[in-house]
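In what follows, a structure is listed as structure tokens, so that the remarks can point back to it.
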Amino acid sequence: MSMESPPPPALIRIPVRIVVLVAVLPVRMVWDVLVATAHFLDRAVLRPAGRGLAYVLTGLNQALTRVLTGVGRGLGRLFHHLVARPVRWLHRTVLTPVGRGLAVGGRVLGKLLFVWPWVGLWRYLLVPVARYGIAAPARWLHHTVLRPTGRGLARALAAVGAGLGWFLPRLGRGLGTGAGWLARAVFVWPWVGLWRYVVVPVCRYGIAAPAVWLYRRGLVPLGGGLFFLLEKGVFVPVSALFRYVLVPLLRYGVVVPVLWFDRYVLTPAGKGLGRLLPRLGRGIAVATVLLAKAVFVWPWVGLWRYVLVPLVRYGIVVPLGWLWNRVLVPVAREVRDALAVCWRVAGYVSRAVGRALKWTVRTLVGLPLVWFWRSVCTPVGHWIRDHVWAPARRAAAAARRLAATAGRVAKETLAGAGRAAREALGSARAAVREARRDTWRALVGSVRSSGSGEPEVARARTLGSTTNVPGAAPAPEISLRKRG
């Protein structure tokens with residue numbers, strides 16, 4: 001039986017294509033309408049709306065940027081003139097002198113409370129007490145008492161050490177010699193004499209010599225006689241009995257019959273049983289296997305081979321294969337081809353309908369709108385552009401230039417006012433400084449105290465040379481004490 005499906009007849013192809021065309025045509029027309037609507041919305045709505053929104057957002061961004069920039073600059077200048085400059089003037093004019101005065105007063109107060117008392121205590125109490133109350137007596141005691149006493153003791157101890165050094169070695173040698181003789185007399189010589197004159201003679205002449213004599217004169221002859229008696233009375237008869245009685249009896253009475261029985265009886269019987277039992281076992285196994293197959297295998301094999309397989313093959317598989325190859329596959333192939341063909345045909349029909357609708361809309365709506373745009377809207381727009389928009393734009397540009405000029409003039413005015421205010425503040429500060437200096441001269445005098453204000457830097461001594469130290473003012477060559 002051929003598994004390839006034959007081509008379907010026209011009786012199946014034409015109805016299938018008609019049905020598929022009827023079903024696909026509305027879907028294709030709806031699809032084309034959706035595509036055309038999407039293109040129209042993209043061209044006529046989304047792109048212009050996006051461009052207009054981008055233009056509006058860009059204009060708003062620029063306007064907000066300019067407004068916020070102007071507001072920020074104004075707030076910055078306002079903060080600079082109202083807060084920063086007064087704070088800076090307050091810091092330079094008030095806080096810095098007050099801080100320096102407080103620092104000088106705090107430094108002097110700190111020295112007065114925490115430095116000068118301890119310095120005076122150390123310099124005028126602890127150092128004199130330690131120097132004249134401890135160090136000077138200790139030095140006098142060391143120089144006048146301890147050093148001579150130490151030298152005398154050192155010389156006496158050196159003499160005593162020299163005498164002891166001469167006497168003690170000789171005393172040690174004598175004591176060592178006597179102790180050595182005493183130790184030998186107590187711990188060595190008694191044990192040496194006991195070993196040499198008691199233990200060795202007793203062991204040699206009381207034990208070793210009698211034992212050697214007894215071994216040579218008694219045990220050796222007695223052992224030789226006993227060995228001779230055992231050899232002639234026991235070993236020789238037992239050897240003859242074993243060699244001439246027991247060995248032949250065991251060989252010819254036990255071993256030879258056993259070997260003969262094994263060779264001529266047991267071996268043939270074993271070989272026969274070895275050949276018979278495997279064949280018997282094989283026969284029993286074959287019979288058992290055949291019986292088991294006949295009972296448990298052959299009925300089910302016959303049922304599978306001659307009942308189930310023909311029933312499934314010729315009752316189910318062959319009809320289903322024929323139905324698949326002759327009906328389902330041709331119908332599915334025709335439906336696939338019909339879908340492709342009918343989709344293209346529906347496209348042609350939809351395109352023709354779309355062209356007809358396009359021509360109708362263009363003729364009834366598009367051409368009148370184009371005429372109205374070209375004949376009415378365009379001249380009106382040109383008149384508005386030339387007679388309304390252009391003058392308004394020029395007026396706005398002139399107003400912007402005027403505002404810029406006014407802002408520049410205001411900026412210059414504010415700058416001049418700021419400079420005048422700074423000059424006035426400088427003059428007032430100089431007047432206040434001069435008044436404070438005059439007040440100080442009136443209260444204290446012309447010589448300024450060195451305890452307050454900035455510390456005075458000591459000037460360098462040049463010893464009459466014309467070359468000064470870099471960065472240092474030369475000091476007078478006459479001391480202040482001589483100058484009075």
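If you read the sequence shown in UniProt numbering, its first letter stands for residue 1, the second for the next number, and so on.
Cβ atoms here follow ideal geometry from the backbone N, Cα and C, with glycine treated the same way.
With burial defined as no fewer than 16 other Cβ atoms inside 10 Å of the residue's Cβ, what is the status of residue i: buried or exposed?
i, result
"Val16", "buried"
"Arg28", "buried"
"Glu231", "exposed"
"Val20", "buried"
"Ser239", "exposed"
"Ser350", "buried"
"Ala458", "Reliability fails at Ala458, whose pLDDT of 46 lies under 50, so the model's placement of it is uncertain and the value that follows must be treated cautiously. Ala458 should be labelled exposed."
"Arg483", "Residue placement at Arg483 is flagged as unreliable, the pLDDT there being 46, under the threshold of 50; a coordinate-derived value is accordingly withheld."
In angstroms with no decimal places, state the Cα-to-Cα distance between residue i and residue j.
i, j, result
"Trp31", "Trp343", "11 angstroms"
"Lys271", "Gly281", "16 angstroms"
"Leu56", "Gln62", "It should be noted that the sequence gives Val, not Leu, for residue 56. About 10 angstroms."
"Arg400", "Arg385", "21 angstroms"
"Gly381", "Leu82", "52 angstroms"
"Val18", "Ile316", "Before going further, note that residue 18 is Ile rather than Val in the sequence given. When rounded, the distance between both Cα atoms is 34 angstroms."
"Thr267", "Val256", "15 angstroms"
"Gly99", "Leu414", "33 angstroms"
"Trp359", "Leu34", "19 angstroms"
"Arg196", "Arg204", "11 angstroms"
"Arg441", "Leu125", "41 angstroms"
"Trp304", "Gly274", "43 angstroms"
"Pro128", "Pro137", "13 angstroms"
"Leu323", "Pro330", "10 angstroms"
"Val220", "Val234", "21 angstroms"
"Ile14", "Val335", "11 angstroms"
"Val23", "Asp337", "According to the sequence as given, residue 23 is Ala; it is not Val. Straight-line Cα distance between these residues: approximately 14 angstroms."
"Phe227", "Pro237", "15 angstroms"
"Phe187", "Ala154", "45 angstroms"
"Leu168", "Ala156", "18 angstroms"
"Arg147", "Arg139", "10 angstroms"
"Arg66", "Gly106", "53 angstroms"
"Leu25", "Arg362", "25 angstroms"
"Ala356", "His39", "18 angstroms"
"Ala421", "Thr405", "24 angstroms"
Could you give the residue range of the alpha helix (DSSP H) that holds residue i?
i, result
"Gly74", "47-79"
"Lys111", "Careful: Lys111 lies outside any alpha helix (DSSP H) and carries neither H nor E."
"Leu280", "267-292"
"Lys411", "390-443"
"Arg85", "85-90"
"Lys232", "Premise fails: Lys232 is in no alpha helix (DSSP H) and is neither H nor E."
"Leu250", "247-250"
"Ile384", "378-384"
"Asp337", "329-361"
"Phe372", "367-372"
"Phe167", "147-183"
"Arg139", "136-141"
"Leu95", "Run containing Leu95: none; DSSP gives neither H nor E here."
"residue 486", "With the chain running from 1 to 484 in the structure shown, residue 486 is simply not present."
"Leu259", "256-261"
"Val309", "309-312"
Could you say which of the options lies nearest to residue i if we only look at CA atoms?
i, options, result
"Arg85", "Leu46, Gly418, Trp440", "Gly418"
"Gly74", "Ser375, Lys411, Phe261", "Lys411"
Taking residue i and residue j to be in contact with their CB atoms under 8 angstroms, please state how far apart those CB atoms are, rounded to whole angstroms.
i, j, result
"Ala36", "Gly354", "7 angstroms"
"Arg429", "Thr93", "6 angstroms"
"Trp89", "Leu425", "7 angstroms"
Quick check: is the beta carbon of residue i nearer than 7 angstroms to any beta carbon in chain C?
i, result
"Arg419", "Reference to chain C is not applicable here, since this structure consists of a single protein chain."
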